[in-house]
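Participant: Encoded as structure tokens, here's the structure I'll be asking about.
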Amino acid sequence: MTLKGSCHCGATRFEIDFMPKSATRCTCTFCTKRGALWIYCEPGQFRLETPIGNARRYSPTTPENKHYFCPECGCTTFSDNPDYSMFKEGGDESAFDPARRHISVNLWALDDLEATSIPVEVVDGRNLW
294 MTLKGSCHCG
304 ATRFEIDFMP
314 KSATRCTCTF
324 CTKRGALWIY
334 CEPGQFRLET
344 PIGNARRYSP
354 TTPENKHYFC
364 PECGCTTFSD
374 NPDYSMFKEG
384 GDESAFDPAR
394 RHISVNLWAL
404 DDLEATSIPV
414 EVVDGRNLW
């Protein structure tokens, strides 16, 4: 299944090849100020349909965290980050590989999906990072 997403003005458009089963509401200051609900996928499940130059990157803490938004309408669209899931799942932190990436997509930016139908898990990012 392919779902389409975009910013409000359409300058940044993308597709994802999966149906989200849940979303994350992170309580860190970045996520709460952006108002994002995140869904996660492998890089091969995400396709940017517009040039990357149509989006702007914000990396507030470290350069490997690449958060993108539309410079025209301001909408948060997606992020390209290391896969931090092992920290959440209590995995072996010594096995962390920053080259292993995942894409975070703002659930609210999906055009073809009723976002309120997706269950939301809260992650205490304000105190974890």
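Here the sequence shown stands for residues 294 to 422, where the numbers follow the working numbering.
Every residue, glycine too, gets a C-beta built ideally from N, C-alpha and C.
At a threshold of 6 Å, does Arg393 count as lining the ligand SAM (C-beta to nearest heavy atom)?
Facilitator: As for the ligand SAM, it is missing from this structure, which has no ligand bound.
Participant: Within the 7 Å Cβ cut-off, does Lys314 reach chain B?
Facilitator: Of the chains in the structure shown, none is chain B; there is only one protein chain.
Participant: Short check: CB of Ala392 to CB of Asn347, under 7 Å?
Facilitator: no
Participant: List in chain order: all unbroken alpha helix (DSSP H) runs of 4+ residues lying wholly within the stretch 299 to 387.
Facilitator: 322 to 327, 378 to 381
Participant: Can you pull the DSSP bridge partners for Ile396?
Facilitator: Cys334, Asp373
Participant: Can you tell me whether Ser397 is buried or exposed, with buried defined as 16 or more other CB within 10 angstroms of its CB?
Facilitator: buried
Participant: Can you list, in chain order, the residues of its chain whose CB lies under 7 Å from that of Ile411, leaving out five sequence neighbours each side?
Facilitator: Pro313, Ser315, Ala316, Leu400
Participant: Could you spell out the range, first to last residue, of the beta strand (DSSP E) harbouring Glu407?
Facilitator: Looking at the DSSP string, Glu407 is not in any beta strand (DSSP E), and its letter there is neither H nor E.
Participant: So, is Cys366 buried or exposed, given that buried needs 16 or more other C-beta atoms within 10 angstroms?
Facilitator: exposed
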